[in-house]
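Participant: Have a look at the structure that comes next, please.
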Amino acid sequence: NGPFYLRHDGHRVQLGFRVEPRHTNPMGICHGGMMASFCDMLLPLVAHRQVPEIGRRFLPTISLQMDYLAPSATGAWVQGEAQVLRTTRSMVFAQGLVTADGTPVVRVSGILKIGAEFGGAQEAVG
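In our numbering, the protein residues as written are 1 to 126.
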């Protein structure tokens, strides 16, 4: 997948990567599966930072909807931002937008389940 780059500035969280040839399909554009994996990492990452009450809990994806808006060429900088819309006792509802070199390429929304606490002293991205 990665490497992925994370920027966290207060409440705003951005996750990004540079499209490399290994991320592309035979047409030379970022594979939809790569974008789906990226979005599936973006939403829980943002949820953990925007909703501190979640703590160190696993957030498995219950539902992930994506609208592919435009292709992302090899070499493009892909960046995603998302917001938590609502949390309940057991679910997180979030949405986001992914851009490639500033052009919107994916609109994403998802539902995450607030699961069990996870261990480990380090947090890894990528």
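Glycine included, each C-beta is placed from N, C-alpha and C at the ideal position.
Please report the distance separating the alpha-carbon of Ala124 from that of Phe4.
Facilitator: The residue you call residue 124 lines up with position 124 of the sequence shown. The residue you call residue 4 lines up with position 4 of the sequence shown. Summary for Ala124: the model assigns pLDDT 48, below 50, so the residue's position carries little reliability; its value from the coordinates is reported in the next sentence. Rounded to the nearest angstrom, the two C-alpha atoms are 10 angstroms apart.
Participant: Cα-Cα, which of Thr87, Leu6, Gly80 is closest to Pro104?
Facilitator: Counted from its first residue, the sequence shown places residue 104 at position 104. Comparing Cα-Cα distances from Pro104 to each of Thr87, Leu6, Gly80, the minimum goes to Gly80.
Participant: Please return the same chain residues whose Cβ sits closer than 6 angstroms to the Cβ of Arg7, not counting the five positions on each side in sequence.
Facilitator: Counting from one through the sequence shown, the residue named residue 7 turns up at place 7. So the list reads Gln14, once near-sequence residues are dropped.
Participant: Which residue or residues does DSSP assign as beta-bridge partners of Phe17?
Facilitator: In the sequence shown, residue 17 corresponds to position 17, counting from 1. In DSSP, Phe17 forms a bridge with Val78.
Participant: Can you tell me whether Ala116 is helix, strand or coil according to DSSP?
Facilitator: As a position in the sequence shown, residue 116 is number 116, starting the count at 1. In this structure, Ala116 counts as coil in the three-state DSSP scheme.
Participant: Measuring straight from C-alpha to C-alpha, what distance separates Ala100 and Val78?
Facilitator: Residue 100 sits at position 100 when you count from the first residue of the sequence shown. Residue 78 sits at position 78 when you count from the first residue of the sequence shown. Cα to Cα, the separation comes out at about 4 angstroms.
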